[in-house]
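Protein chains: 2
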Amino acid sequence: MQFHHYGYVSGDPRRLPALGEGVDRPETLPDNVDVLIVGTGPAGMIMAAQLSQFPHIRTRIIERRTGRLEIGHADGIQARSVETFQAFGFADRITAEAYRITEMAFWKPDPDRPEHIKRTARTPDDPEGISEFPHLIVNQARVLDYLAESAANGPARIRPDFGFEFRGLEINDDEDYPVSVSVRTVAGHDEGVERTIRARYVVGCDGARSGVRSAIGCTLAGDQANHAWGVMDVLAVTDFPDIRTKCAIQSRSGGSILLIPREGGHLFRMYVDLGEVPADGSSAVRNTPIEQIIKRANEILTPYTLDVRDVAWHSVYEVGHRLTDRFDDVEDPESGRLPRVFITGDACHTHSAKAGQGMNVSMQDGFNLGWKLGYVLTQRSPASLLSTYSGERQVVAANLIAFDKQWSTMMAKRPEEFEDPGELEAFYTRTIEFPAGFMTEYAPSMITNDAEQQARANGFPVGKRFKSARVSRVCDGNPLQLGHQARADGRWRLYVFADAATAGENSATQRLAEWLASSPQSPLNAGGHGDARNDWFDIKVIYQQRHEDVAINQVPQVFKPTVGPFALVDLENVFGVAPDEDIFDLRGIDRNGALVVVRPDQYVADVLSLEDTGRLAAFFQRLLI
Amino acid sequence: MQFHHYGYVSGDPRRLPALGEGVDRPETLPDNVDVLIVGTGPAGMIMAAQLSQFPHIRTRIIERRTGRLEIGHADGIQARSVETFQAFGFADRITAEAYRITEMAFWKPDPDRPEHIKRTARTPDDPEGISEFPHLIVNQARVLDYLAESAANGPARIRPDFGFEFRGLEINDDEDYPVSVSVRTVAGHDEGVERTIRARYVVGCDGARSGVRSAIGCTLAGDQANHAWGVMDVLAVTDFPDIRTKCAIQSRSGGSILLIPREGGHLFRMYVDLGEVPADGSSAVRNTPIEQIIKRANEILTPYTLDVRDVAWHSVYEVGHRLTDRFDDVEDPESGRLPRVFITGDACHTHSAKAGQGMNVSMQDGFNLGWKLGYVLTQRSPASLLSTYSGERQVVAANLIAFDKQWSTMMAKRPEEFEDPGELEAFYTRTIEFPAGFMTEYAPSMITNDAEQQARANGFPVGKRFKSARVSRVCDGNPLQLGHQARADGRWRLYVFADAATAGENSATQRLAEWLASSPQSPLNAGGHGDARNDWFDIKVIYQQRHEDVAINQVPQVFKPTVGPFALVDLENVFGVAPDEDIFDLRGIDRNGALVVVRPDQYVADVLSLEDTGRLAAFFQRLLI
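If you're matching them up, the sequences are chains S and U in order. Going by the numbering used here, the first residue of the first sequence is number 1, and it counts up by one from there. Going by the numbering used here, the first residue of the second sequence is number 1001, and it counts up by one from there.
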């Protein structure tokens, strides 16, 4: 964490100095805004947190509720989300208060006594060490609290405007603020008053019944629900021994339970199988009372019993898998028209809650779009950048729905319907990378290059998220996770993995450094100099030597940027390999060096040789104005 | 972290429900209080944080300043302090914003060119892995912020009463509130108004010029200062390559520098040798201007240069080593009189700042005394418990001063005065456990038993702090640090390391569990039942098996306490060994089992066999009413 370089900071360094729109930000919703986000769910709030790093953009986020969410319904947090939270500065805190899944247990009818269930397997949650981050369960309300804190602490000081309901929108591409949004005040002395907000861009993060989605003529398409589940968050006393372990439980009676322990050591969630819903769509099952759900749970858990003492929340839902064919307002991509309105999260994709995916995919929607809006609105990038949002995220949602259909179908199967009795746990183990959030692999586009030079660093697949590994910082010998040094600050990252020469020797690394600093083709010279350069790019160099064998004074200046009003030198971007884990070996990096280009949302945009400055220049010439 | 068991918690679970004095706590300072803490430095604030866990005690903390400390002068945080912060809930956060010391560099005159300095050694900061916690540097103001948050979030909701100056006190042992404290308001419309606060106990945490110390007739005794140092916290540009590493620098000219990098990546502190102070005590050196300190630093650093761009703080001080002979108001311990007034931290001991000890030792003073006041004022323990404070902490301070004298003397030596050129780094490495804060070893007393059965668990020395190791929690398979499960909640901890039998078998562990639950001699039955029992004791059992081989339903009930209004069962106190680190081997625990008793301030009070319930009963009979 860097601070003090603009002068001594006495208070919490996480609260960045207010800049631009963040200085004297008006309490009341203005008439004209750059970005209007509709809805303060996970997708909307992560976008607010991201855009708070772009203080010269006027971002507002409206919410129909009149205040903070008290109890949310999502709770699954993939390792990829925790990785994202790390970049937003709260991974440690949310981990400390969350339930951590480290293994999953499978219960089936006991062959010797099939009316009783019996534990048949226990599988580790992340057997391959996919991520250094944990898999967590914590209430959505707390995720939103942390994102709200991040948004409020950013230079733009973004806070939700509560109590505004989205009513509709109109787009007129010819105007400065092309989107006219009608909103209605839902409480207070202005209750019922409608007004129009004009926005350059609008993002609908307004959930499964999205008004923004309707307004841009998108519809959810997909299968109809046919299996009902009761879901309850409860406090109970039980002799079921795995009550604090994630469990898939299948009983002989055909019912099944997915048990998800929750944060705090006592609460847990159960998804209880309520059976098929009649084809006529009769809604009787939807009105199943909590007593019935508890009774059903007790039947499935036989011989164990569940004495529910308090119900925090419960509901009945039917699994539906539906998706929109586009995530923005461009009906015909061939038309050349560029998007003005976007939808994210549940507004685009709905599916079973049981794989714990929804909140996670929604946040990645928001993370994907946030920086793109930032770059276009600050005139760094052409507006065509915005078309990549729908292009990239619609595919991810389609993959999610395919995965979730498989998982839901399996969870709803009767034990005797499985050909192989270990099929469920085998599926779970085989596909673990998907629900952990690391299968996303963006196709080539203006922001993801082809993988032509992938062999330079096979451990950083182009299009997938940059996977961290340990290094040692040269200036202070600190052992650090390289990836964790990347804040969600909207910057592009260039990771220069040096060739075998050390600092000060004539080498490809040295020549690249000179080119980066001085060539007119260098992307660093696209955004101007000094602080502007630092605002757009974060460059880190990793030498093949141990940190004590790298002479900091010999390291090229481009890796030691000058920062702040005192023109101090930032020495924290120069690394050697960790003594016990060589990142070059671990990530298959060519000993002749490699340059890894990473997007502001942490996805690898390109891997290339240190010499191929032409490729690097061409990539950023498409992207930066 | 346990929550939800009193019903669903929507907000930050670190904010505990207000209880007792914390409900409608008056904003203004009341006339009668149980504990009056004078001063909001590290000792005072940690005591406030600790007493916030005792909501039925009326604790107030007064401070002459009218608000939060903006810039403090202490910055060294031992691993032991970070361990303590972990128990107060903010180790991760303060670590994230601190500078972390992982190695120290030593610079000396270059033999080939003695007017230049040269790096001669680099030593790791914790080569032996003394602690899993880091050694940090962060401004005292932030430590106080976090302690203030902890005090405010505790059930007693303690917040400082700013703007009150301590004027004097009188003690009349016959009264209900025996200490009359005169305070003066220093600002606002009551400025200058004096009033009397009556307290059962008063704690002077009011620093080196302590008024409370004077009021109880204590004086600091020790050597006089004779060596002056300039200290400055600055932002600078330099070619000195180790500017972000802790360094001891000795130049041929006889001057030396201790360099301490600070939080935020840019700021650093330098202690610059200003030479001997004339024997007549002339104060010229005390008025050394900052320009002179910077000039001196440049001379010492030759051939490197230091271009200071901003000065956050600077001062000149002379090293003094002074100590009071008692830390409370009992002049004659033989008199049988029990203490009513205590002093802590700098009020009792002053010494060089350069070993980074002051704030740490002060906090341990406060941590030592806080729970003792809590136990006496809630009638759990006899008032004689309070005599152990001065007894235990005066020895620690005396050891600190002896250590610091050695270190300061060495730092002030000219290079040619060392017999062995590597003497300084050898001393540093040899004594590392002391400055890390882990050499404290309390002598036997009513709260620390003799070490007669130490051989039962040699890795938990009686009188030293309980050193954590990894285990696996049975109910959820989570890998955890056993010691980190202990919050600073004022509870005694019983760690039952089981014999070789597993849960459910007839065994010493089983018999101990039955005795603990049902014997009238059991300490658990001293404090009443149910929540009272849970409020006083935290009992954890660690089996020798892996977590999956411990059947939670077979574990004795005393290890699965019933908690909260719904009478839920807390399953989180039962552990197996970690797959890759057997705590029994690592800590030398007898395979026949051992019981480790740990005080609320994390020090081991006793180690004994599982069968010796008589010894356990006798220990707590002395201590609990």
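Just so you know, even glycine gets a beta-carbon here, dropped at the ideal spot from N, CA and C.
The DSSP-derived three-state label of U:Y1304 is coil. Between U:A1221 and the set U:W1492, U:A1500, U:V1316, U:D1325, the nearest pair of CA atoms involves U:D1325. Listed in chain order, the alpha helix (DSSP H) runs fully inside the segment 1236 to 1302 of chain U are 1290 to 1301, counting runs of at least 4 residues.
Contacts with chain S at 7 Å (Cβ-Cβ) do not include U:E1170.
In the pairwise beta carbon analysis, the segment 1566 to 1583 of chain U is classified as touching the segment 1471 to 1485 of chain U: at least three pairs are separated by under 8 Å. Neighbours of S:P17 in chain U, taken as residues at a C-beta separation under 8 Å, are lacking, since the least C-beta distance is about 13 Å.
Using beta-carbon distances, S:D310 counts as an interface residue toward chain U, with a partner under 7 Å. Proximity of chain U to S:I552 at the Cβ level (cut-off 8 Å) is accounted for by P1241, in chain order. No Cβ of chain U is located within less than 7 Å of the beta carbon of S:N298. Taking the C-beta atoms as reference points, U:A1087 is found nearer than 7 Å to U:R1487. According to the DSSP assignment, S:G207 belongs to no beta strand (DSSP E), since it is labelled neither H nor E. Interface residue (Cβ-Cβ distance to chain U less than 7 Å): S:P13 is classified as such. S:Q364 and S:S81 have their alpha carbons spaced roughly 8 Å apart.
Residues of the segment 1027 to 1039 of chain U with a C-beta less than 7 Å from any C-beta of chain S: none at all. Beta-bridge partners of U:A1228 (DSSP): U:G1275, U:E1318. Interface with chain U (7 Å Cβ-Cβ cutoff): S:V569 is included. U:N1032 is bridged by DSSP to U:R1198. Rounded to the nearest whole angstrom, the C-alpha separation of U:I1294 and U:F1240 is 14 Å. The three-state secondary structure of S:P13, taken from DSSP, is coil.
At a beta-carbon threshold of 9 Å, the residues of chain U lying near S:P261 are C1475, D1476, ordered along the chain.
When C-alpha distances from S:R184 are compared across S:V193, S:P178, S:S472, S:Y177, the shortest belongs to S:V193. Beta bridge pairing from DSSP links S:W536 with no other residue.
For U:S1381, the CB contacts under 7 Å within the same chain, skipping 5 residues up- and downstream, are Y1375, L1623, L1624, I1625 in chain order. At the C-beta level, U:P1600 and U:W1371 come within 7 Å of one another.
Judged by their CB atoms, S:L516 and S:V558 are nearer to each other than the 7 Å cut-off.
Beta-bridge partners of U:H1135 (DSSP): U:I1101.
The residue from S:I257, S:D233, S:G459, S:R14 with its alpha-carbon nearest to that of U:Y1008 is S:D233. Among the residues of chain U, none has a CB under 9 Å from the CB of S:E417; the nearest is roughly 28 Å distant. If you look at S:S390, you'll find it in the alpha helix (DSSP H) that goes 387 to 412. DSSP lists S:D233 as the bridge partner or partners of S:W313. Contact between S:T40 and S:E63 is confirmed by a C-beta separation of about 4 Å, below the 8 Å threshold. In the structure shown, S:Q86 adopts helical secondary structure according to DSSP, grouped into three states. Contact between U:V1341 and U:G1204 holds: their C-beta atoms lie close to 7 Å from each other, under 8 Å. For S:D606, the enclosing beta strand (DSSP E) has its first and last residue at 604 to 608. Under the Cβ criterion (8 Å, minimum of three pairs), the segment 585 to 592 of chain S does not count as touching the segment 17 to 27 of chain S.
Per the coordinates, the alpha-carbon of U:G1593 lies some 10 Å from the alpha-carbon of U:V1541.
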